[in-house]
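*Asks:*
Residue numbers (the UniProt record's numbering): 1 to 256.
1) According to DSSP, is residue 105 helix, strand or coil?
2) For residue 77, does the three-state DSSP call read helix, strand or coil?
3) Going by other Cβ atoms of all chains shown within 10 Å of its Cβ, with 16 needed for buried, is residue 180 buried or exposed?
4) Where does residue 6 land, buried or exposed, given buried means 16+ other C-beta within 10 angstroms?
5) Given a cut-off of 9 Å, decide if residue 85 and residue 69 are closer than it, judged by their beta-carbon atoms.
6) Could you check the C-alpha separation between residue 30 and residue 135 for me, to the nearest Å?
7) Count the other CB atoms within 10 Å of the CB of residue 27; is the residue buried (16 or more) or exposed (fewer)?
8) Can you look up residue 90 in the DSSP assignment and give me helix, strand or coil?
9) Since I believe residue 57 is in contact with residue 267 (beta carbons under 8 Å), could you give me their beta-carbon distance rounded to a whole number of angstroms?
10) Between 245, 88, 11, 202, which has its C-alpha nearest residue 178's C-alpha?
11) Could you tell me whether the stretch 225-233 touches the stretch 243-253, where touching means 3 or more Cβ pairs closer than 8 Å?
12) Determine which residues share a DSSP beta bridge with residue 199 and list them.
13) For residue 151, does the three-state DSSP call read helix, strand or coil?
14) What residue ranges within the stretch 174-250 form continuous alpha helix (DSSP H) runs of no fewer than 4 residues, ordered along the chain?
15) Between residue 238 and the rest of its own chain, which residues show a CB-CB distance below 8 Å, the 5 nearest in sequence each way excluded?
16) Determine the direct distance from the alpha carbon of residue 37 to that of residue 9, and round the result to whole angstroms.
17) Under a Cβ-count criterion, where at least 16 other Cβ atoms within 10 Å of its own Cβ denotes burial, should residue 243 be classed as buried or exposed?
18) Run the proximity test for residue 109: is its beta-carbon closer than 8 Å to any non-hydrogen atom belonging to the ligand HEM?
19) According to DSSP, residue 142 sits in a beta bridge with which residue or residues?
20) Please list, in chain order, all residues of the same chain as residue 19 whose beta carbon is under 8 Å from its beta carbon, the five residues on each side excluded.
21) Would you tell me roughly how many angstroms separate the C-alpha atoms of residue 1 and residue 62, rounded to the nearest one?
22) For residue 258, which of 248, 226, 17, 218 has the nearest alpha-carbon?
23) Am I right that residue 171 and residue 246 are in contact with their C-beta atoms under 8 Å? What's the rounded C-beta distance?
24) For the alpha helix (DSSP H) that contains residue 18, what are its first and last residues?
25) According to DSSP, which residues form a beta bridge with residue 116?
26) Where do the ends of the alpha helix (DSSP H) carrying residue 256 lie?
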């Protein structure tokens with residue numbers, strides 16, 4: 001029975017590993033065994049199947065390389081595998097959180113999140129700004145923040161950043177802006193009048209917190225019930241693009 005190309009590329013972990021390894025360039029059988037830490041008994045039957053499926057070829061020097069078709073298959077399989085890894089690493093998080101605030105063009109590149117990690121809240125300090133997060137934020141010189149929920153503890157942080165003359169750009173959703181204008185008017189006025197800060201208003205109904213600095217990036221998604229659960233996704237990939245996406249659709253606040 002002839003095996004399908006999908007099964008050939010994905011059904012066996014060893015075959016998949018061989019294909020990804022050969023993307024680096026031709027390898028001998030011994031080099032494949034060493035790189036993958038396997039023996040001949042386990043890997044040679046899989047190499048034989050890949051040859052029969054014309055995904056790899058063997059040259060006169062007994063080196064294996066990707067065929068023309070194999071190169072195309074591997075080029076397309078890598079983003080899919082990276083996407084699966086992103087979701088698998090924190091499967092429960094992704095199935096329970098609403099990521100519709102991430103635009104389609106960035107969702108299509110979710111594989112680029114790469115080596116992200118989840119920052120869990122300390123249950124004993126659930127309603128405080130995490131100390132490491134706060135310290136890194138205060139040591140940053142260029143800060144971009146999109147806020148769709150209000151936390152009064154950040155007001156003091158904004159004030160300290162203004163005193164340090166850090167370049168800061170805040171995007172507030174309408175509800176956050178209304179809350180600040182009502183209860184923290186002078187602080188909001190300070191931000192608007194500061195030479196090192198810009199404030200924008202976004203009228204989209206978005207549940208998201210995106211923080212981008214030269215030191216770190218942090219993304220907070222709400223759960224599917226619209227609740228904030230204090231989990232932060234830390235990554236250096238496309239969080240800045242996400243911020244720019246919302247900035248482009250926001251209006252700059254000149255005065256209150």
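From the three backbone atoms N, C-alpha and C, an ideal C-beta is built for every residue, glycine too.
*Replies:* Here's the rundown:
1) As a first step, residue 105 must be located in the chain shown, where it is residue number 105. Residue state, collapsed to three classes: helix.
2) Here the question's residue 77 lines up with position 77 in the chain shown. Helix at residue 77.
3) On the chain shown, position 180 is the one that residue 180 refers to. Here residue 180 is buried. Its C-beta has 16 or more other C-beta atoms within 10 Å.
4) Residue numbering aside, residue 6 sits at position 6 when the chain shown is read from its first letter. Exposed.
5) Residue numbering aside, residue 69 sits at position 69 when the chain shown is read from its first letter. Residue numbering aside, residue 85 sits at position 85 when the chain shown is read from its first letter. Cβ distance not < 9 Å, so residue 69 and residue 85 don't count as in contact.
6) By one-based count along the chain shown, residue 30 stands at place 30. By one-based count along the chain shown, residue 135 stands at place 135. Those two C-alpha atoms are separated by around 50 Å.
7) Counted from its first residue, the chain shown places residue 27 at position 27. The residue in question, residue 27, is buried, as its Cβ has 16 or more Cβ neighbours within 10 Å.
8) Against the chain shown, residue 90 aligns to sequence position 90. Here DSSP, grouped into helix, strand and coil, assigns residue 90 to coil.
9) Since the first residue of the chain shown is 1 and the last is 256, residue 267 is not available in this structure.
10) Working through the chain shown from its first residue, we reach residue 178 at position 178. If we check each option's Cα against that of residue 178, 202 comes out closest.
11) Segment contact: the stretch 225-233 against the stretch 243-253, fewer than three CB-CB distances shorter than 8 Å; contact not assigned.
12) Along the chain shown, one-based indexing puts residue 199 at 199. 170.
13) Taking the first residue of the chain shown as position 1, residue 151 is located at position 151. Residue 151 falls in the coil class under three-state DSSP.
14) Fully enclosed alpha helix (DSSP H) runs of 4 or longer: 174-183, 185-193, 239-247.
15) On the chain shown, residue 238 is found 238 positions in, with the first residue counted as 1. These residues qualify, in order along the chain: 106, 109, 112, 113.
16) Along the chain shown, one-based indexing puts residue 9 at 9. Along the chain shown, one-based indexing puts residue 37 at 37. Near 19 Å, if we compare the C-alpha coordinates of residue 37 and residue 9.
17) Indexing the chain shown from 1 puts residue 243 at position 243. Answer is buried; the Cβ neighbour count reaches 16.
18) Judged by which ligands are present, the structure shown has none, so any question about the ligand HEM falls away.
19) Within the chain shown, numbered from 1, the residue matching residue 142 stands at position 142. Residue 142 pairs with 167.
20) Residue 19 sits at position 19 when you count from the first residue of the chain shown. The beta carbon of residue 19 sits closer than 8 Å to the beta carbons of 9, 50, 55, 56, 66, 70, 73, 74, 77 from its chain, once the five residues preceding and following it are set aside; these are given in chain order.
21) Stepping through the chain shown from its first residue, residue 1 is reached at position 1. Stepping through the chain shown from its first residue, residue 62 is reached at position 62. Low confidence applies to residue 1: its pLDDT is 49, below 50, so where it sits in the model is not reliable enough to give any reading.
22) There is simply no residue 258 to check, as the chain begins at 1 and stops at 256 in what is shown.
23) For the purposes of this step, residue 171 is identified with residue 171 of the chain shown, where counting begins at 1. For the purposes of this step, residue 246 is identified with residue 246 of the chain shown, where counting begins at 1. Confirmed, about 6 Å.
24) In the chain shown, residue 18 corresponds to position 18, counting from 1. Looking at the DSSP string, the run of the alpha helix (DSSP H) that includes residue 18 is 13-22.
25) Mapped onto the chain shown, residue 116 falls at position 116. Answer is none; residue 116 lacks a bridge partner.
26) The residue given as residue 256 occupies position 256 in the chain shown. No alpha helix (DSSP H) contains residue 256, which DSSP labels as neither H nor E.
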